[in-house]
Amino acid sequence: MAVEARPELVGKRFLCVSGDQPPEIGDIARWLWRSGVIRAVNHRDTDSPDLAVYVEFDDQDWDKREWVKVYEDFQLFLLEHQLVWAKRKEGGATAAAATAAAAGGGGGTGGGGAGAAGGG
Numbered sequence: 001m002a003v004e005a006r007p008e009l010v011g012k013r014f015l016c017v018s019g020d021q022p023p024e025i026g027d028i029a030r031w032l033w034r035s036g037v038i039r040a041v042n043h044r045d046t047d048s049p050d051l052a053v054y055v056e057f058d059d060q061d062w063d064k065r066e067w068v069k070v071y072e073d074f075q076l077f078l079l080e081h082q083l084v085w086a087k088r089k090e091g092g093a094t095a096a097a098a099t100a101a102a103a104g105g106g107g108g109t110g111g112g113g114a115g116a117a118g119g120g
């Protein structure tokens with residue numbers, strides 16, 4: 001049974017990589033990954049280059065939330081798309097999160113835009 005992804009960004013989890021240079025694919029384990037939850041957005045147009053999100057990073061206290069620009073501040077921004085339960089061969093169940101790229105490539109912009117991540 002297919003379940004529709006939530007189109008809104010608020011409340012979704014994310015993974016991101018920032019930096020001045022695009023990260024090297026071969027060094028993925030060395031990328032400076034950060035994760036957290038989106039708490040607010042400046043507007044609903046996820047394809048806008050001005051898209052800003054109010055984020056709560058997992059490695060900071062909740063009162064250190066901050067506004068970030070998805071297409072300017074990051075080389076890569078992955079957004080929770082769906083959460084599904086999948087059976088393991090051992091008989092247990094595990095959660096698996098599917099993500100969609102919101103920003104990627106040089107300069108923090110590119111492929112598909114945040115609209116792909118926003119379900120739009």
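Residue numbers (the UniProt record's numbering): 1 to 120. From the three backbone atoms N, C-alpha and C, an ideal C-beta is built for every residue, glycine too.
Can you grab the Cα-Cα spacing for the pair residue i / residue j, in whole Å?
i, j, result
"residue 28", "residue 42", "30 angstroms"
"residue 57", "residue 34", "7 angstroms"
"residue 23", "residue 51", "22 angstroms"
"residue 69", "residue 62", "19 angstroms"
"residue 49", "residue 25", "25 angstroms"
"residue 110", "residue 21", "With a pLDDT of only 37 at residue 110, under the threshold of 50, the placement of this residue in the model should not be trusted; the figure read from the coordinates follows. Approximately 14 angstroms between the Cα atoms of the pair."
"residue 32", "residue 59", "12 angstroms"
"residue 90", "residue 30", "32 angstroms"
"residue 64", "residue 87", "38 angstroms"
Report the residue from the options whose alpha carbon sits nearest the alpha carbon of residue i.
i, options, result
"residue 11", "80, 90, 87", "80"
"residue 7", "60, 59, 82", "82"
For residue i versus residue j, is the C-beta distance shorter than 8 angstroms?
i, j, result
"residue 55", "residue 9", "no"
Might you give, ordered along the chain, the residues of its own chain that have their beta carbon closer than 8 angstroms to the beta carbon of residue i, omitting 5 neighbours on each side?
i, result
"residue 40", "10, 53, 54"
Ordered along the chain, which non-local residues of its own chain (more than five positions away) have a Cβ less than 6 angstroms from that of residue i?
i, result
"residue 13", "37, 80"
"residue 16", "34, 74, 77"
"residue 67", "52, 54"
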